[in-house]
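Asks:
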Amino acid sequence: MSQVAITKAFQDWKAQQAINNTPVTLDEFVFAYIPGLDYDKPIDVNETLPAVDKIVHRQDVSQFGVINDNAVTYSVTIGADIGDFDFNWIGLINRESGVLAMVIHVPTQRKIQNAAGQQGNVLVRSMLMEYSGAKTATAITTPAETWQIDFTARLGAMDDRQRIENIDLYGDAAFFGDGWLVAQRDGQFYVNKGAGYVAGLRADLPGDANIDVQMPAKVWLDVCWTGTLTSVWGVQCKITVANELTDYEEDGQNHYVFALASIDAEGNITDLRPKGLNDDLGLGELAAMDINDVLPVGIPQPWPTNTPPKKWALMWGQEFDPLVYPLLGAAYPDGIIPDMRGQTIKGRPDGREVLSYEEDGNKKHGHSATIAETDLGTKLTEEFDYGSKTTEEDEGHSHKLTASVPTTRSNSNHVSGGSTGVWTSGLATTVDGVHAHVVYIGSHAHIVQLGSHGHEIIIDESGNVETTVKNIAYNYIVRLA
1 MSQVAITKAF QDWKAQQAIN NTPVTLDEFV FAYIPGLDYD KPIDVNETLP
51 AVDKIVHRQD VSQFGVINDN AVTYSVTIGA DIGDFDFNWI GLINRESGVL
101 AMVIHVPTQR KIQNAAGQQG NVLVRSMLME YSGAKTATAI TTPAETWQID
151 FTARLGAMDD RQRIENIDLY GDAAFFGDGW LVAQRDGQFY VNKGAGYVAG
201 LRADLPGDAN IDVQMPAKVW LDVCWTGTLT SVWGVQCKIT VANELTDYEE
251 DGQNHYVFAL ASIDAEGNIT DLRPKGLNDD LGLGELAAMD INDVLPVGIP
301 QPWPTNTPPK KWALMWGQEF DPLVYPLLGA AYPDGIIPDM RGQTIKGRPD
351 GREVLSYEED GNKKHGHSAT IAETDLGTKL TEEFDYGSKT TEEDEGHSHK
401 LTASVPTTRS NSNHVSGGST GVWTSGLATT VDGVHAHVVY IGSHAHIVQL
451 GSHGHEIIID ESGNVETTVK NIAYNYIVRL A
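In full-length UniProt numbering, the protein residues as written are 1 to 481.
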C-alpha cells in the first residue's frame, strides 16, 4: 500500500513562515525512481529529496485549491508530450527554499509520451495536505471542486455505457463465423480462433487454444474489462472448463461468463454459441442491419471489372450448388446463375414468367414513301434520216383490177379488155418478173405520251446488328450465400 508523509522540515519551515507573516507556498512537484524502494514501509519524516540522478521529472504545480480550513490540495498534470520514464517517488516542494513538504511512495508507474506507433498517456497527480490553519497559512481561497474531477468514476461510467449499448446490438453473447468454436482434432479438444461478444465486451482469440476437458463438462468464456490507472484498458479473456459458472467479481473487477459448448461423456460437442446480431431487440430499426435485408441474395449488381469481389460471382450462366449457397438457391432453384452478358433487365409485364427470356426486336410499325408527281408532257424522240429502203423481193405476179369507166371517157388509154360505159372487173395487170419496191422513209420523229405517273422505291437497311441504346458495359455479379 502506498505511503504518505508530511516532513519535519516542512513543519519547521511553515512555523518560520508564520513568524515572518509569509504565505506557505508549495509550487513544484518532483518525480523520482529509487530502485528497491519499499512502498509498503512507513516514510521517515526526515526524508529529503533524492539524489539528482534519481530524479526523472520536475514540473510546476498546475492547480491548487482549498478543501476546508485545515486542508488544501495541490495537483499536477503531465501531458502526453512528456516521457518516457518510470517513477515510484513523488515529492511536493517550495522551489525557492528547496524545502520538501510532502512525500508519497507508490508502486512503480510508467509515463509514456506520444511517438510513432505509440499512444502516450496523461497523468494527473494530486496531494492533499491537512494541518491546522492550512487555508490561512497558504492564503489559498479557490475551492478545489472548481477544477478537480473524479475522472475514474466518469470514465468507468462511459465504459459501462458502451458495454450496455453493445448488449443492445449483440445480446448477452454473439460470435462471428467459427470464432470461439469448441472442436476436437486428433483427440485434443480446442477452441477455434476468432472474435465474439460476451456481456457487451469484445473478446478476440488470436490463435487456436487447446483445452483439457474432464467429460462431461461445459466450456466457458470468461471476460472482464481491466487495466490500471496509467495503462491502456482492455478486455481480458480466459477459457474455463466447468459444469456451471456464473458472473462474479474478483479484485474489484466484474467478470462475465458464457457457455461456448457442452461436451457429454462420450465426447460429443454441442455448440452453444449464438451468432450475429440480436434479432429480438424490440427497439425498432437499427442503423446496423442484416446485409440480407439490405441486399437480398440473388439481386444482380453492376461491377466494373472482370474479377468479382470475395463471395460474389459473375453472372455468366454457370451452375452452382444450392446446398452450399442456400440463399442463392432460393432465388434460382434450378441451380443455374442467369447469363447476363449482353442482357438488360426488364420489369415483368403481365403474361410473362419471372426469369423468362425475350429476343430483341422493334415495336411493330410501317414506313410510307412518296415521290412527287411530275407531268412530263409530250416528248419527241430523236429525229433520224432513215433514207430509202427496199422491200423484200417476191415472185413475179399480177394485180387484179376493177374499174368503172364512163362511155364518154372510154378509149384505149383508159381501159382495155373490157366494155365501155360500164363497171369492169376481173381485169389484171400484166405479169412482171421477180422484183422489189423502193420505199422512201425520210427524216422523221415519233411522239411519246408519258403522262402523270409515280415510281416504286426500295429503302436500304442501316443500323446495328441488334436493338440498343447508348450504354457502358458492366459485368453483372451476384452474392454467394
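Note that the Cβ used here is the ideal one computed from N, Cα and C, for glycine as well. Everything numeric in this text was worked out from a predicted model, so none of it was measured.
Taking 7 Å as the threshold (C-beta atoms), are Ile104 and Asp90 in contact?
Replies: Stepping through the sequence shown from its first residue, residue 90 is reached at position 90. Stepping through the sequence shown from its first residue, residue 104 is reached at position 104. For the record, residue 90 in the displayed sequence is Ile; it is not Asp. Yes.
Asks: Nearest to Tyr440 by CA position, among Thr390, Gly463 and Val478, is which residue?
Replies: Along the sequence shown, one-based indexing puts residue 440 at 440. That would be Thr390, whose Cα lies nearest to the Cα of Tyr440.
Asks: Take Ile337 as the anchor and find which of Pro349, Glu319 and Tyr325 has the nearest alpha-carbon.
Replies: By one-based count along the sequence shown, residue 337 stands at place 337. Of Pro349, Glu319 and Tyr325, the residue nearest in Cα terms is Glu319.
Asks: Which residue from Thr108, Tyr325 and Gln11 puts its Cα closest to that of Gly36?
Replies: The residue labelled residue 36 in the question sits at position 36 within the sequence shown. Ranking the options by Cα distance to Gly36, first place goes to Thr108.
Asks: What is the rounded straight-line gap between the Cα of Lys470 and the Cα of Asn464?
Replies: For the purposes of this step, residue 470 is taken as the residue at position 470 of the sequence shown. For the purposes of this step, residue 464 is taken as the residue at position 464 of the sequence shown. If I take the Cα positions, the gap works out to 12 Å.
Asks: Among the candidates Leu123, Asn94 and Gly83, whose CA atom is the shortest distance from the CA of Val76?
Replies: As a first step, residue 76 is located in the sequence shown; it is residue number 76 there, counting from the start. Closest option to Val76, Cα to Cα, is Leu123.
Asks: From the DSSP output, in three-state form, read off Ile472 for me.
Replies: Taking the first residue of the sequence shown as position 1, residue 472 is located at position 472. Ile472 falls in the coil class under three-state DSSP.
Asks: Which class does Met158 belong to by DSSP, given the choice of helix, strand or coil?
Replies: Against the sequence shown, residue 158 aligns to sequence position 158. Correct three-state label for Met158: helix.
Asks: So, do the segment 54 to 71 and the segment 126 to 133 have three or more beta carbon pairs nearer to each other than 8 Å?
Replies: Flag = yes, the segment 54 to 71 and the segment 126 to 133 touch.
Asks: Rounded to a whole number of angstroms, what is the C-alpha to C-alpha distance between Gly317 and Ile477?
Replies: Taking the sequence shown and counting its residues from 1, the one referred to as residue 317 is at position 317. Taking the sequence shown and counting its residues from 1, the one referred to as residue 477 is at position 477. Answer to the nearest angstrom: the Cα atoms are 11 Å apart.
Asks: Closest to Glu244 by CA distance: which of Gln253, Val219 and Glu250 is it?
Replies: The residue you call residue 244 lines up with position 244 of the sequence shown. The residue with the shortest Cα to Cα distance from Glu244 is Val219.
Asks: What does the alpha-carbon distance come out to for the pair Gln184 and Tyr190?
Replies: Within the sequence shown, numbered from 1, the residue matching residue 184 stands at position 184. Within the sequence shown, numbered from 1, the residue matching residue 190 stands at position 190. Roughly 6 Å between the two C-alpha positions.
Asks: Just verifying my parser: in three-state terms, what is the DSSP assignment at Val61?
Replies: By 1-based counting over the sequence shown, the position of residue 61 is 61. Coil at Val61, not helix or strand.
Asks: Measure the alpha-carbon distance for Glu28 versus Glu250 and round it to whole angstroms.
Replies: Within the sequence shown, residue 28 is the residue found at index 28, counting from 1. Within the sequence shown, residue 250 is the residue found at index 250, counting from 1. Looking at the two C-alpha atoms, the distance is approximately 38 Å.
Asks: Thinking Gly179 and Ala195 are a contact (beta carbons under 8 Å), I'd like their distance in whole angstroms, please.
Replies: For the purposes of this step, residue 179 is taken as residue 179 along the sequence shown, with counting starting at 1. For the purposes of this step, residue 195 is taken as residue 195 along the sequence shown, with counting starting at 1. Confirmed, about 5 Å.
Asks: So is Leu281 buried or exposed if we call it buried at 16+ other beta carbons inside 10 Å?
Replies: As a working note, residue 281 is residue 281 in the sequence shown. Because the pLDDT of Leu281 is 45, which lies under 50, any placement of that residue in the model is unreliable, and the question is left without a value.
Asks: I need the straight-line Cα distance from Arg202 to Pro296, nearest angstrom please.
Replies: Mapped onto the sequence shown, residue 202 falls at position 202. Mapped onto the sequence shown, residue 296 falls at position 296. In a straight line, the C-alpha of Arg202 is about 28 Å away from that of Pro296.
Asks: Name the one or two DSSP bridge partners that Thr240 has.
Replies: Stepping through the sequence shown from its first residue, residue 240 is reached at position 240. Thr240 is bridged to Trp220.
Asks: Is any beta-carbon of chain C found at less than 7 Å from that of Val124?
Replies: Among the chains of the structure shown, chain C does not appear; only one protein chain is present.
Asks: With DSSP run on the structure shown, which of helix, strand or coil describes Lys363?
Replies: Numbered from its first residue, the sequence shown carries residue 363 at position 363. Of the three classes helix, strand and coil, the one that applies to Lys363 here is coil, per DSSP.
Asks: Ala174 and Val24 look like a contact to me (Cβ under 8 Å); what is the Cβ gap, rounded to whole Å?
Replies: Along the sequence shown, read from residue 1 onward, the residue named residue 174 stands at position 174. Along the sequence shown, read from residue 1 onward, the residue named residue 24 stands at position 24. With a Cβ gap of about 59 Å, Ala174 and Val24 do not count as contacting.
Asks: Would you call the CB atoms of Thr314 and Phe258 closer than 7 Å?
Replies: Within the sequence shown, the letter at position 314 stands for residue 314. Within the sequence shown, the letter at position 258 stands for residue 258. Looking at the sequence provided, one finds Leu at residue 314 rather than Thr. No, the Cβ-Cβ distance between Leu314 and Phe258 is not below 7 Å.
Asks: Rounded to a whole number of angstroms, what is the C-alpha to C-alpha distance between Leu169 and Gln63?
Replies: Reading the sequence shown from its first residue, position 169 is the one you call residue 169. Reading the sequence shown from its first residue, position 63 is the one you call residue 63. Straight-line Cα distance between these residues: approximately 42 Å.
Asks: Apart from the five residues just before and just after Leu283, which ones in its own chain have a Cβ nearer than 8 Å to its Cβ?
Replies: For this step, residue 283 is matched to residue 283 along the sequence shown. In this prediction, Leu283 scores a pLDDT of 45, lower than 50, which makes its location untrustworthy; no coordinate-derived value is stated.
Asks: Could you name the residues of the same chain whose beta carbon sits closer than 8 Å to that of Leu205, not counting the 5 residues immediately before and after it, in chain order?
Replies: In the sequence shown, counting from the first residue as 1, residue 205 sits at position 205. Gly179, Trp180, Val191, Asn192, Lys193, Gly194, Ala195 and Cys237, listed in sequence order.
Asks: So, Arg58 versus Val99, is the Cβ gap smaller than 7 Å?
Replies: For the purposes of this step, residue 58 is taken as the residue at position 58 of the sequence shown. For the purposes of this step, residue 99 is taken as the residue at position 99 of the sequence shown. It is not a contact, given that the beta carbons lie outside the stated cut-off.
Asks: Residue ranges of each beta strand (DSSP E) run of no fewer than 3 residues wholly in the UniProt domain "Phage tail fibre protein N-terminal" (4 to 155), ordered along the chain?
Replies: Counting whole runs of 3 or more residues, the UniProt domain "Phage tail fibre protein N-terminal" (4 to 155) contains the beta strand (DSSP E) stretches 28 to 32, 55 to 60, 63 to 68, 71 to 78, 85 to 94, 99 to 111 and 123 to 130.
Asks: Where does Tyr474 land, buried or exposed, given buried means 16+ other C-beta within 10 angstroms?
Replies: Translated into the one-based positions of the sequence shown, residue 474 becomes position 474. Its Cβ having fewer than 16 others within 10 Å, Tyr474 is exposed.
Asks: Assign Val354 to one of three DSSP states: helix, strand, or coil.
Replies: On the sequence shown, residue 354 is found 354 positions in, with the first residue counted as 1. Val354 falls in the coil class under three-state DSSP.
Asks: Bridge partners for Trp316 per DSSP, in chain order?
Replies: Position 316 of the sequence shown, counted from the first residue, corresponds to residue 316. Answer is Asp339, bridged to Trp316.
Asks: Count the C-beta pairs between the segment 112 to 120 and the segment 11 to 26 that are closer than 8 Å, then say yes if the count reaches three, no if not.
Replies: Counting Cβ pairs under 8 Å, fewer than three are found: no touch.
Asks: Could you say which of Lys346, Thr142, Asn362 and Lys363 lies nearest to Leu355 if we only look at CA atoms?
Replies: Looking up residue 355 in the sequence shown gives position 355. Of the listed residues, the one whose Cα sits closest to Leu355 is Lys346.
Asks: Can you have a look at Asn121 and say buried or exposed, based on whether 16 or more other CB atoms are within 10 angstroms of its CB?
Replies: Translated into the one-based positions of the sequence shown, residue 121 becomes position 121. Buried, by the Cβ-count rule.
Asks: Please state the DSSP three-state secondary structure of Glu249.
Replies: As a first step, residue 249 must be located in the sequence shown, where it is residue number 249. Strand at Glu249.
Asks: How many Å lie between Lys54 and Leu155 at the Cα?
Replies: Here residue 54 refers to the residue found at position 54 of the sequence shown. Here residue 155 refers to the residue found at position 155 of the sequence shown. So the alpha carbons of these two residues sit roughly 33 Å apart.
Asks: Considering just the uninterrupted stretch of the beta strand (DSSP E) at Phe201, what are its terminal residues?
Replies: If you number the sequence shown from 1, residue 201 lands on position 201. According to the sequence displayed, residue 201 carries Leu and not Phe. Note, Leu201: beta strand (DSSP E), Leu201 to Leu205.
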